[in-house]
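Here the structure comes first, spelled out in structure tokens, and everything after it is commentary.
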Amino acid sequence: MDTGSSGSGSGVGVLDKAALVLAALEPGPATLAGLVASTGLARPTAHRLAVALEHHRLVARDMQGRFTLGPRLSELAAAAGEDRLLAAAGPVLARLRDITGESAQLFRRQGDFRVCVAAADRPTGLRDSIPVGSQLTMNAGSAAQILLAWEDPERMNTGLLKSTFSAAELSAVRRRGWAQSVGERETGVGSVSAPVRSPSGKVVAAVSVSGPLERLTRQPGRMHAPAVAAAAERLSQGLRRAG
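Just so we're aligned, residue 201 is where the sequence shown starts under the numbering used here, counting upward by one.
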């Protein structure tokens, strides 16, 4: 019986058996009899482990009562993906800053806020500096538009109730693949943002550049959308490769 990727056990028997159960569910849902056949475990052992893993949300049940991989695995994978995203963000944002001459940021949504999780500031002159860890509203700004535009309809409509942008504007964002704002978040400041997507296609972050309108103009997307979209795509590609 193969209890590990190297063909031998880890020395911790219960973990090896739990790993067998999870591996047996990788192809799809399985009944208890199917788990027994796939793992070679005794029926009581397979049942005990599957139920224990279900308690920790590593295993779940489908509508037919069959065992499936649980939601906790997706949550852990997403957290690992976030770590990979942050690791890759530094050089990508620095390059975007150098190409555009403006401060660059990476935002993720957390509840009713968007949080700056990485940034590369313009070193000199007038700039829009957003420190890492800053919580900004989801009601205004191009990054907020990106993080809301691909949400499910109910969550999107709720977000639009207090926003400075409209459903029609979000539709335009989805169509062209980037967003811009002019004085939405702060008077005299503009920004351009584009979506970073997970391997499944879900929007998980927004890449932005921001700066004074005297440089970005009243149509900042015309100037910087291609560079911002390319930076977002580089981060998305990195997540796909890692995934």
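Beta carbons: idealized from backbone N, C-alpha and C, even for Gly.
Just so we're clear, the structure is a prediction, and the values are computed from it rather than from any experiment.
Residue i to residue j span [Cα, whole Å]
i	j	result
leucine 220	valine 332	41 Å
alanine 230	serine 400	24 Å
methionine 263	serine 238	21 Å
threonine 324	lysine 362	35 Å
alanine 406	serine 398	12 Å
serine 205	glutamine 380	With a pLDDT of 42 at serine 205, under the threshold of 50, the modelled position of that residue is not reliable, and the figure given next carries that caveat. Cα to Cα, serine 205 sits roughly 48 Å from glutamine 380.
aspartate 216	valine 251	16 Å
arginine 295	glutamate 302	11 Å
glycine 211	glutamine 305	46 Å
phenylalanine 267	leucine 232	7 Å
alanine 394	alanine 242	52 Å
glutamate 384	threonine 364	7 Å
serine 342	proline 271	31 Å
proline 244	serine 274	27 Å
leucine 348	alanine 368	13 Å
serine 371	threonine 358	16 Å
alanine 431	phenylalanine 313	23 Å
methionine 201	valine 315	Unreliable placement is indicated for methionine 201, whose pLDDT of 44 sits below 50; the coordinate value is still reported in the next sentence. The alpha-carbon atoms of methionine 201 and valine 315 are separated by roughly 47 Å.
glycine 311	arginine 284	21 Å
Which of helix, strand or coil DSSP assigns to residue i
i	result
leucine 225	helix
arginine 266	coil
glycine 438	helix
glycine 290	helix
arginine 374	helix
serine 334	coil
lysine 217	helix
serine 238	helix
serine 205	Note that serine 205 scores 42 on pLDDT, short of 50, meaning its location in the model is unreliable; the coordinates nonetheless yield the value given after this. If DSSP states are grouped into helix, strand and coil, serine 205 belongs with coil.
arginine 248	helix
arginine 418	coil
leucine 306	strand
valine 428	helix
serine 381	strand
arginine 272	helix
arginine 257	coil
Check: residue i C-beta below 7 Å from any heavy atom of the ligand ZN
i	result
asparagine 339	The model on display carries no ligand, and the ligand ZN is accordingly not part of it.
C-beta contact flag for residue i and residue j at 8 Å
i	j	result
valine 389	proline 412	yes
valine 382	valine 409	no
valine 403	isoleucine 330	no
valine 396	serine 436	yes
leucine 249	alanine 218	yes
valine 259	alanine 246	no
tryptophan 350	arginine 374	yes
leucine 326	leucine 269	no
Span of the alpha helix (DSSP H) around residue i
i	result
aspartate 397	Note that residue 397 is arginine in the sequence shown, not aspartate. Taken as a continuous stretch (DSSP letters only), arginine 397 belongs to no alpha helix (DSSP H), being part of the beta strand (DSSP E) at 389-397.
glycine 359	353-360
Residue range of the unbroken beta strand (DSSP E) whose run includes residue i
i	result
glutamine 345	Premise fails: glutamine 345 lies in the alpha helix (DSSP H), 342-349, not in any beta strand (DSSP E).
valine 407	403-412
phenylalanine 313	313-320
alanine 230	Taken as a continuous stretch (DSSP letters only), alanine 230 belongs to no beta strand (DSSP E), as it is neither H nor E.
On the three-pair Cβ rule with 8 Å, is the segment 287-299 touching the segment 413-420? no
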